[in-house]
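Remarks on the structure that follows.
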Amino acid sequence: MNPAVAIHAQLITKGFGKGTARTLALKGADLQAHLGELQLIVGPSGCGKTTLLSIIAGTLVPDSGSVTVLGENLTAMRQGKVTSFRRRHIGFIFQQFNLIPTLNLIENASVPLLLNGLSRAKAERAAQDMLDLVGLAHRGKNYPRELSGGQQQRVAIARAMVHNPRLIICDEPTSALDRDTGHQVMELLQAVARKPDRAVVVVTHDPRVYAFADRIAEMEDGRVLSNQPALPGGPHLING
Ligand SMILES: Nc1ncnc2c1ncn2[C@@H]1O[C@H](COP(=O)(O)OP(=O)(O)O)[C@@H](O)[C@H]1O
Ligand SMILES: [Mg+2]
């Protein structure tokens with residue numbers, strides 16, 4: 006496979022439920038994303054974006070199709086191996102931040118390193134460095150509830166990047182944020198994505214995010230209809 010390919014998902018199908026309640030969330034979705042790029046996935050609510058992200062992340066197993074991430078075929082791997090692959094190489098950012106309320110910010114940002122077996126002291130030192138990078142240097146002993154939404158999302162970014170993952174996967178990362186904070190979050194993600202051996206995938210409804218994309222995939226009804234380079238200054242550049 007071309008080493009510049011970060012994700013290659015082919016003919017993915019996934020259904021939920023049984024009988025008349027069965028929903029086909031993905032109906033043969035294909036996606037190719039590249040290292041050094043920020044890949045956007047857009048499409049109406051319910052078209053299968055989160056389902057596709059979860060399959061790429063290895064947290065959900067497709068009914069059929071194959072997924073290769075960073076050169077590893079996840080669909081051929083044992084689930085335990087998928088979990089350790091994910092902990093090492095993938096970072097996550099969610100719409101609702103998903104910080105742990107009983108942990109302070111340094112502890113929250115340390116979690117991926119602790120899961121990878123690092124000592125608490127080393128993990129917390131690296132977490133502090135990441136909090137510095139996202140502009141929260143002096144808030145490490147605070148708890149998530151003491152922060153604004155934008156600050157919480159920046160902690161979530163610190164957590165997603167602390168273990169230096171090659172792939173960062175984001176599900177609607179700006180939809181709970183105001184315009185300026187959303188802009189800052191996208192700038193941080195874009196800086197990561199532009200590194201040659203990294204990739205960032207962002208699912209979004211938010212047209213303000215389009216200007217940060219290198220490539221935009223459009224989904225509808227369980228399929229990826231197109232995946233085109235974003236045109237600088239072109240129709241995707243929205244200053245909303
Ligand atoms: N765990 C689940 N159980 C049942 N149906 C689900 C589940 N997850 C998603 N779906 C259904 O699959 C379809 C696609 O959902 P989703 O991937 O969340 O779409 P999107 O993220 O684009 O809004 C929707 O019809 C949704 O209701
Ligand atoms: Mg979704």
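Count the sequence shown with our numbering and you get residues 6 to 245, in order.
Even glycine gets a Cβ: it sits at the ideal position worked out from N, Cα and C.
May I ask you to check if the CB of K54 is nearer than 7 Å to at least one heavy atom of ligand 1?
Yes; taking the cut-off as 7 Å, the Cβ of K54 has a heavy atom of ligand 1 nearer than that.
Below 7 Å, is the gap between the Cβ of D176 and the nearest heavy atom of ligand 2?
For ligand 2, at least one heavy atom lies less than 7 Å from the Cβ of D176.
Measuring only the C-alpha atoms, how far is T64 from S50?
For T64 and S50, the distance between alpha carbons rounds to 20 Å.
Other residues of its chain near M135: CB distance less than 7 Å, five sequence neighbours each side excluded:
A distance below 7 Å between beta-carbons, with the five flanking residues on each side excluded, links M135 to the following residues of its chain, in chain order: A114, A163, M166, V167.
Taking DSSP as the reference, what is the three-state secondary structure of T73?
Strand at T73.
Smallest Cα separation from G145: which of L110, D68, G155?
Considering only alpha carbons, the answer is L110.
Would you mind stating whether K54 and M191 have Cβ atoms separated by less than 8 Å?
Going by C-beta atoms, K54 is not nearer than 8 Å to M191.
Boundaries (first-last residue) of the alpha helix (DSSP H) holding T55:
First-last of the alpha helix (DSSP H) with T55: 54–61.
Quick check: the Cα distance between F97 and I173, rounded to an integer number of angstroms?
Distance from the CA of F97 to the CA of I173, rounded to the nearest whole angstrom, comes to 6 Å.
Determine contact between the segment 89–104 and the segment 147–159, defined as no fewer than three beta-carbon pairs at a distance below 8 Å.
Pairwise C-beta distances place the segment 89–104 in contact with the segment 147–159, as three or more of them are shorter than 8 Å.
Within the present structure, is the beta-carbon of T251 separated from the nearest heavy atom of ligand 1 by less than 7 Å?
What the structure shows of the chain is the stretch from 6 to 245, and residue 251 is not part of that stretch, so it cannot be assessed.
Pull up the distance between the alpha-carbon of T18 and that of N78, whole angstroms please.
Cα to Cα, T18 sits roughly 16 Å from N78.
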